[in-house]
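In my numbering, the protein residues as written are 5 to 73.
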């Protein structure tokens, strides 16, 4: 069980639309079946994908690939 990774809803367009509009607590009230760990995991995934997209757009070369996440 050491490799447990919380569910992310990054691919769910409806949830992501609300994710970008609402604060964390309002979002979790709206989607009461989700837990804080799932929200936080989605935040990390969103940040990671945003950084990768930014680097690709501006052709930024990262010497150490560990810094991407």
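By construction, the Cβ of each residue, glycine as well, lies at the ideal position given by its N, Cα and C atoms. None of these values were measured; they are calculated from a predicted model.
Does DSSP classify residue i as helix, strand or coil?
| i | result |
| --- | --- |
| residue 42 | helix |
| residue 16 | coil |
| residue 63 | coil |
| residue 53 | helix |
| residue 58 | helix |
| residue 21 | helix |
| residue 26 | coil |
Going by C-alpha distance, which of the options is nearest residue i?
| i | options | result |
| --- | --- | --- |
| residue 9 | 46, 52 and 53 | 46 |
| residue 11 | 43, 23 and 24 | 43 |
| residue 16 | 28, 50 and 40 | 50 |
Quick test of your reading: residue i and residue j, contact by CB under 8 Å. State the CB separation rounded to the nearest angstrom.
| i | j | result |
| --- | --- | --- |
| residue 38 | residue 32 | 6 Å |
Within the same chain, show all residues whose beta-carbon is closer than 7 Å to that of residue i, passing over the 5 residues directly before and after it, in chain order.
| i | result |
| --- | --- |
| residue 19 | 13 and 35 |
Any C-beta of chain B sitting closer than 8 Å to the C-beta of residue i?
| i | result |
| --- | --- |
| residue 55 | Considering every chain present, this structure includes no chain B. It has just one protein chain. |
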